[in-house]
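Going down the list, the sequences are from chains Y and D. Position in the first sequence (first residue = 1) + 765 = the working numbering. Position in the second sequence (first residue = 1) + 72 = the working numbering. Glycine included, each C-beta is placed from N, C-alpha and C at the ideal position. What follows is a set of notes on a single structure, which appears directly below.
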Amino acid sequence: MLSVKNIVKQYENHRALDDVSLEVPTGKIFGLLGPNGAGKTSLIRIITQITAPDSGEVIFNGKKLDSSHIAQIGYLPEERGLYKKMEIGEQVLYLSKLKGLSTAEATKRIKFWFEKLGMESWWNKKVEDLSKGMQQKVQFVATILHQPELIILDEPFSGFDPVNADIIKNEILELNKQGSTFIFSTHRMESVEELCDHIALINRSKKILDGSVDDIKDMYRNNTYWIQYEGNYDLSGIALLGTVLQTEQVKNTTLIKVQLQEGQSVNELLAALLPYVAIHRLDEVIPTMNDIFIDKVKNVN
Amino acid sequence: MNKILLIIQREYLSRVKKKSFIVMTLLTPLIIAIFYGIIIYFSVKGVNGTFTKVAVINENKTLTEQLKSTPTFGYTYENKSLAQMKADLGKTGYDYILYLPDFKLDNPTGVQILGTKQAGLTLSGRISSQIENLIRNQKLKDSGLTQADVDKLKSDVDISVKKIGETGKEEDSSAGAATIIAYVSGVIMFMFILLYGIQVMRGVIEEKTSRIIEVMISSVKPFQLMMGKIIGIALVGLTQFILWIVLTASISTVAVKVLVGKEEAKQISSMQAAGPGKQAVQAAGPIGDIQKSLASLNFPKIISVFFFFFIGGYLFYSALYAAIGSAVDSETETQQFMMPVMMPLLLGYALSLSVVTTDPYGNIAFWLSIIPFTSPIAMMVRLPYGVPDWQLALSMLLLIVGFIGTVWMASRIYRVGILMYGKKTSFKEILKWFSYRN
């Protein structure tokens, strides 16, 4: 749906984006990750045509990105804001008319969404009278009202309480099911694991990792397991199978973390242990996105 | 284009619907009308204020002429002695005692004003000038002139100023009326450009600080947003101005009727007809003159030129204000950038009201009214005195070129500035933005 090709963006004395390329597949939720100041916002501003790249290009549905695509993109910036003195209904109407909706159509959809999110009574309220979380909800509605094919959310959950964050998350998933593609910029990894199909990791203006979440996680599995057992066992007995990274006493059981040597399977480890101890638990250590993120970023730095 | 219209609509409606706009629009004409009414009221009733009763004790043998009472002073000649009058002052109801001792007419000394209250400078000044007149008349009569001859000595001169127009025809004109119109339109022009220019700046800062800007420019081009705001606010200004004219005119008509009443209204009209009585001539002289020459001024031309220069000057300056607004994070930071933008406007204002009104055809007046930085004010000040058409056309043309220039410049600064948060901006940096590619 969206191809970013060799984008370079140079500011006065720092390069915000250095030859960044990525593919956002249609109908997926794409996570754009990276520490603060990595260049995420610069990239988003290029996709939303707020700024232009110094070189490289963006292809939207097979065509070079131009102003005709504005109506097909919805953008919720990290720095949120609304006209403080304007009434909510009027404001969302204004924003969606700027995206090309007619007054009648926009009014219909605003009513639908306000009802859906329990905001019916807000129509005549002024923005300054709403709490920050309520303002965010209004802005979310304004972002998706024109039913864009591509929805770009920059830190969408910051400022939401858990209840509202959950409501918004479900709306995102529902819209995604209906076919909208999302780009989702964040550094909160738990929401990435919950929502994203694909990710790209940007650090110091370069893309350092991308792919589907499952593939990346697979890549980072390193044959490590948690095993909890009851009974006494001399761990030197499994030294040939792998390395014990950690040992811990939990009440009357022992918890160990073992990284198996290449070619060894967990079955062999179990076979070695079973005659001597009672196994309570076995888990594969799957790296979280958080671990991968920290690992990758630290390596580069 | 459709998007610019939407933006103009929002900028216009959100301001016109504000309470402060409605209050200002309604209140200002009311205040102007009340001022106008008060001025007319006093010009009819006279600002004479209190009536002062003065007892005159004349011990001068040579001074046979007597002081005549005027609307403000009542002179009564008493034959009592000064000491007796002093003692009875409280009972007799006089405000002051004027004591004229036996002086020589060539050397009047020892005149006294006595009273329970201290006589003010104005009061003693008026009385002394009346005594001076009295002595002059006495001397003239002593040299053998009759009362009729003395009356004839006084003659009022009313200079009729005519301007020879380009066709060679004489036109009634009056420097007085032209100056009033020049001042009024100069001041209004200055006020409007400043007031609405600053509104543009505030609007830009508001969008920046409330962070709506990023949502906006992912939907519209920065240039569209800037122009939409500038045009929307210009329409607010025009609406307010037209309402002020209409409301002021109607309220002051009513106010004159209420405050002045029918009788005095007749009096005004008879005074305007320049009645023969001396009192009437004195009052009607300047007012009648101004009204005569007001009629000779080409108002439709002045008003339409005013609208042109208001729009032109406003566009010229508001684009600069928009650029300033985009470069800062809050209004307190605008100071350093405001100065260079305010200076030419202030200079134009100050010079227009001093140099141009005293020498409306001079070199300075010419250049001020041609250069776009000062022309909106200077040209309005010059206009009532008469400006050759080619100069007016040149000035208008340069103003159009000027505002296209400032709008272009401002849009280049604006598109970069609006996305810069939290940084203190310097002039050097703004110059760099200028050459940024997008």
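C-alpha of LEU470/D to C-alpha of PRO818/Y: approximately 37 Å in a straight line.
Residue nearest to LEU918/Y within the set LEU866/Y, THR806/Y, LEU1005/Y, THR791/Y is THR806/Y (criterion: CA-CA distance). Residue pairing by DSSP places TYR147/D opposite VAL126/D in a beta bridge. For VAL1042/Y, same chain residues with a beta-carbon under 7 Å away, outside a window of 5 residues either side, are TYR994, GLU995, GLY996, TYR998 in chain order. For GLU844/Y, the neighbours in chain D by C-beta distance under 9 Å run, in chain order, ARG283, ILE285, GLU286, TYR493. Contact note: LYS189/D does not reach chain Y at a C-beta cutoff of 8 Å; the least C-beta distance is about 58 Å.
Note that the C-beta distance between GLU914/Y and LYS849/Y is not below 7 Å. Going by DSSP, ARG1046/Y is part of the beta strand (DSSP E) stretching over 1043 to 1049. Beyond the five residues adjoining it in sequence on each side, MET157/D comes within less than 7 Å, by CB distance, of ALA127, ILE129, GLU150, ILE169 in the same chain, given in chain order. A direct Cα-to-Cα measurement between THR281/D and ARG780/Y gives close to 26 Å. Nearest to PRO456/D by C-alpha distance, out of PHE114/D, ILE260/D, ASN370/D, is ASN370/D.
Residue contact check for ARG454/D against chain Y: no CB pair falls below 7 Å.
Pairwise C-beta distances place the stretch 1018 to 1035 of chain Y out of contact with the stretch 1052 to 1063 of chain Y, as fewer than three of them are shorter than 8 Å.
Taking one beta carbon from each stretch, the stretch 437 to 449 of chain D and the stretch 421 to 428 of chain D have 3 or more pairs nearer than 8 Å; the two touch.
If you look at PHE445/D, you'll find it isn't in any beta strand (DSSP E); DSSP assigns it neither H nor E.
Here the C-alpha atom of GLN138/D lies approximately 7 Å from the C-alpha atom of LEU206/D. For ILE812/Y, no Cβ of chain D is located within less than 7 Å of the residue's own Cβ. Under the Cβ criterion (8 Å, minimum of three pairs), the stretch 253 to 261 of chain D does not count as touching the stretch 819 to 832 of chain Y. Here the alpha carbon of GLY216/D sits roughly 57 Å from the alpha carbon of ALA321/D. Within chain D, GLU286, ILE289, SER290, LEU491 have C-beta atoms less than 8 Å from the C-beta of ILE815/Y, given in sequence order. Using a Cβ distance threshold of 7 Å, ILE967/Y and GLY799/Y count as a contacting pair. Within the stretch 828 to 852 of chain Y, those residues whose Cβ lies closer than 9 Å to any Cβ of chain D are, in chain order, SER832, ILE835, ALA836, ILE838, GLY839, TYR840, LEU841, PRO842, GLU843, GLU844, ARG845, GLY846, LEU847, TYR848, LYS849, LYS850, MET851. With 16 or more other Cβ atoms inside 10 Å of its own Cβ, GLY275/D counts as buried. Interface flag for LYS301/D against chain Y is unset, since no Cβ pair is found closer than 7 Å. Contact annotation, THR813/Y with ILE838/Y: C-beta distance approximately 6 Å; criterion of less than 8 Å satisfied. Within the stretch 951 to 1025 of chain Y, the runs of alpha helix (DSSP H) that reach at least 4 residues and sit entirely inside it are, in chain order, 954 to 960, 978 to 985. Cα atoms of PHE499/D and MET884/Y: separation of roughly 46 Å, rounded to the nearest angstrom.
Annotated three-state conformation of ILE815/Y is coil, per DSSP. For the pair ASP926/Y and TRP991/Y, the CB atoms are not nearer than the 7 Å cut-off. With a beta-carbon spacing of about 4 Å, MET1054/Y and MET954/Y fall inside the 8 Å limit used to define contacts.
Below the 7 Å Cβ cutoff, chain Y contributes LEU863 as neighbours of LYS75/D, in chain order.
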